[in-house]
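Step one of this worksheet: look at the structure below.
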Amino acid sequence: METILSYLLSVQTLVLVLAVVLIKTSIKFVPQNQAYVIERFGKYQSTKEAGLNFILPFVDRISADRTLKEQAVDVPEQSAITKDNISLRVDGVLYFRVLDPYKATYGVENYVFAVTQLAQTTMRSELGKMELDKTFEERDVLNASIVAAINEAAGPWGIQVLRYEIKDIIPPQSVMEAMEAQMKAERVKRAQILESEGDRQAAINRAEGQKASVVLAAEAEKEEQVLRAEGEAKAIVAVASAQAEALRQVGEAANTEEGQKAIQLDLATKAIEAKHAIAKESSVVLLPDGGTEAAAVVAQAMTIIQKMSKGS
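Residues 26 to 337 in my numbering are what the sequence shown spells out, letter by letter.
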């Protein structure tokens, strides 16, 4: 009895273990951005995407585990010849991702190796269409051409190339030295052009400054002459006005009795001073006709003044 009970317990345990194994092998959790390629009896059965999936134990198996994330693969350095027969060493980085896990599994043996080799051959082909100078100036165009060519060829593999970036383009040492000499000559040329332009602009500025200085000096001199002339004219007018006013006042005073006496006194004084001066300078004294005294001279002058006053 105990033997039968032990046997039954062993059978139940075995069934339970088998059930657990079957359940475990039939349930598959696929991570995000991954895909499982399932084969049944060695033939493709389905592609399981992220999440909870079921397969038949001992019948189905996971043939391939494909990541759907973007992948970066280093393209090894290689030699290439440009259109103008210059040998270059070029390397780069290729960015791609798997679009179709089925094609990536059954369309090519190793899609990473295949894409890398395709990138190398395509890069050599594209570089052969360009001259050396263009390879440095048009890297974006070269990268875009390589991506387009790879995508066209990698379509049956379920691969999409997103971009290709050239890391280094290394020409031969002789070409590097020639390029450095050319760049140095170009820099010297630009420096000389800039220096000559600076000298030219400085000369123009100096000439314009001198011109402006001469013009300003001429305008200042002109204004000075105008102001001087205006001042002299005003001074002449003022002097003339003062003289006219003085003469008018003298004339008005001469018409009075006191004015006549004052004039007579002034004339007599001046006549005496004149005779005194003549007597000092010479031993010969000349007297006017018709009189030997100063009174005669004064009388003659008064007569002239009265005639002028009446004429006025």
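C-beta atoms are modelled at their ideal positions from N, C-alpha and C, and glycine is treated no differently. Just so we're clear, the structure is a prediction, and the values are computed from it rather than from any experiment.
By alpha-carbon distance to Phe-161, the top candidate from Val-115, Trp-182, Ala-129 is Val-115. Across the structure, Thr-146 and Glu-190 are spaced so that their CA atoms are roughly 15 Å apart. By the Cβ neighbour-count rule, Val-42 is exposed, with fewer than 16 other Cβ atoms within 10 Å of its own. No Cβ-Cβ contact shorter than 8 Å links Val-84 with Thr-72. Setting aside the 5 residues that flank it on each side, Pro-196 is surrounded in the same chain by Ile-111, Leu-113, Leu-157, each with a C-beta closer than 7 Å to its C-beta; the list follows chain order. The criterion of a C-beta distance shorter than 8 Å is not satisfied by Arg-91 and Gln-70. Between the stretch 164-182 and the stretch 101-111, the count of C-beta pairs closer than 8 Å stays below three; the two stretches do not touch.
For Val-62, the three-state secondary structure derived from DSSP is strand.
DSSP places Asn-78 in the uninterrupted beta strand (DSSP E) bounded by 76-79. The beta carbon of Ala-129 is closer than 7 Å to those of Arg-91, Val-123, Tyr-136, Trp-182, Gly-183, Ile-184 in its chain, skipping five residues each way along the sequence. Looking at Val-140, Val-133, Leu-77, the one whose alpha-carbon comes closest to that of Ile-52 is Leu-77. Contact between Gln-57 and Ala-75 is confirmed by a C-beta separation of about 5 Å, below the 8 Å threshold. Counting only residues of its own chain and dropping the five nearest sequence neighbours on each side, Met-155 has a CB closer than 8 Å to the CB of Thr-107, Lys-108, Glu-163, Leu-167. Tyr-131 places its beta carbon 8 Å or farther from that of Leu-187.
Ranked by how close their Cα comes to the Cα of Leu-152, the residues Ser-35, Ala-169, Glu-211, Phe-138 have Ala-169 in first place. Using a Cβ distance threshold of 8 Å, Thr-50 and Pro-82 count as a contacting pair. The distance from the Cβ of Gly-180 to that of Met-148 is about 19 Å, inconsistent with a contact at the 8 Å cut-off. In the structure shown, the three-state DSSP call for Glu-156 is coil. Annotation: the stretch 222-275 contains no complete segment of the beta strand (DSSP E) (minimum length 3 residues).
Excluding five sequence positions before and after Val-46, the CB atoms of its chain that fall closer than 8 Å to its own CB belong to Pro-82, given in chain order. For Glu-190, the uninterrupted beta strand (DSSP E) segment begins and ends at 184-195. Residue environment: Ile-80 is assigned as buried (16 or more neighbouring CB atoms within 10 Å of its CB, all protein chains considered).
A direct Cα-to-Cα measurement between Val-213 and Asp-193 gives close to 27 Å.
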